[in-house]
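Asks:
Residue numbers (the working numbering): 802 to 957.
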């Protein structure tokens with residue numbers, strides 16, 4: 802099936818973001834494991850797997866639309882020296898991702914590609930859940946302090 806104007810470009814932007822998220826969350830999972838925060842390690846690993854699933858679905862859909870998936874480019878991977886820095890960077894990343902998804906959804910509606918729009922709407926639900934989780938973690942850190950928060954992250 803032939804893609805409508807601009808859809809492949811938006812899908813490749815979203816794919817780049819999802820592939821970046823996979824790498825970023827794998828790195829953050831490894832950092833948390835190295836620092837001894839098993840609960841955070843598990844959550845970041847779960848996020849990475851979710852992003853792999855999104856990436857795979859996007860690649861399939863781009864191919865279905867006779868496009869070429871761009872899997873060669875990533876955005877910058879955010880790193881941090883502590884958990885609060887990771888959470889802050891990931892919140893900002895997810896907020897930017899949500900904005901991009903909103904633009905892509907609006908474009909798909911404009912050009913009448915409701916199948917792609919539906920796929921992206923499913924993805925934005927997950928993105929908004931991620932935003933909520935990061936906001937909640939940062940709020941808890943602020944309310945109880947980093948030491949108390951981190952002491953709860955040591956065991957699963």
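Quick reminder that beta carbons are idealized off the backbone N, C-alpha and C, glycines included. Note that the coordinates shown come from a computational prediction; the quantities given were computed from them, not determined experimentally.
Distance, Cα to Cα, residue 890 vs residue 897?
Replies: Near 11 Å, if we compare the C-alpha coordinates of residue 897 and residue 890.
Asks: Just tell me which of 802, 939, 868 has its CA closest to the CA of residue 886.
Replies: Taking only the C-alpha atoms, the option nearest residue 886 is 939.
Asks: Use the C-beta contact count for residue 790: other C-beta atoms within 10 angstroms, 16 or more gives buried, fewer gives exposed.
Replies: For the chain, the structure presents residues 802 to 957; residue 790 sits outside this window and is missing.
Asks: Leaving out five residues on either side along the sequence, give the residues of the same chain with a beta carbon under 6 Å from the beta carbon of residue 874.
Replies: Excluding positions up to five away in sequence, the list reads 817.
Asks: Can you grab the Cα-Cα spacing for the pair residue 931 / residue 892, in whole Å?
Replies: Residue 931 and residue 892: Cα-Cα distance of roughly 8 Å.
Asks: Residue 803 to residue 872, Cα distance in whole Å?
Replies: Between residue 803 and residue 872, the C-alpha separation is close to 20 Å.
Asks: I'd like the list of long-range same chain contacts for residue 851, defined as Cβ closer than 8 Å, with 5 residues on each side in sequence excluded.
Replies: If we look at residue 851 and ignore the five residues flanking it on each side, its Cβ neighbours are 927.
Asks: Can you name, in chain order, every residue of its own chain whose Cβ lies under 6 Å from the Cβ of residue 840, other than the five neighbours on each side?
Replies: Around residue 840: 954, 957.
Asks: Between the Cα of residue 900 and the Cα atoms of 807, 911, 838, 811, which residue gives the shortest distance?
Replies: Checking every option, the nearest Cα to that of residue 900 belongs to 811.
Asks: What ranges does the alpha helix (DSSP H) occupy inside the region 914-941, keeping only unbroken runs of at least 4 residues that lie completely in it?
Replies: Taking only runs of at least 4 residues, no alpha helix (DSSP H) segment lies wholly in the region 914-941.
Asks: Residue 826 and residue 951 look like a contact to me (Cβ under 8 Å); what is the Cβ gap, rounded to whole Å?
Replies: Not quite, the Cβ-Cβ distance comes to about 19 Å (not below 8 Å), so this is no contact.
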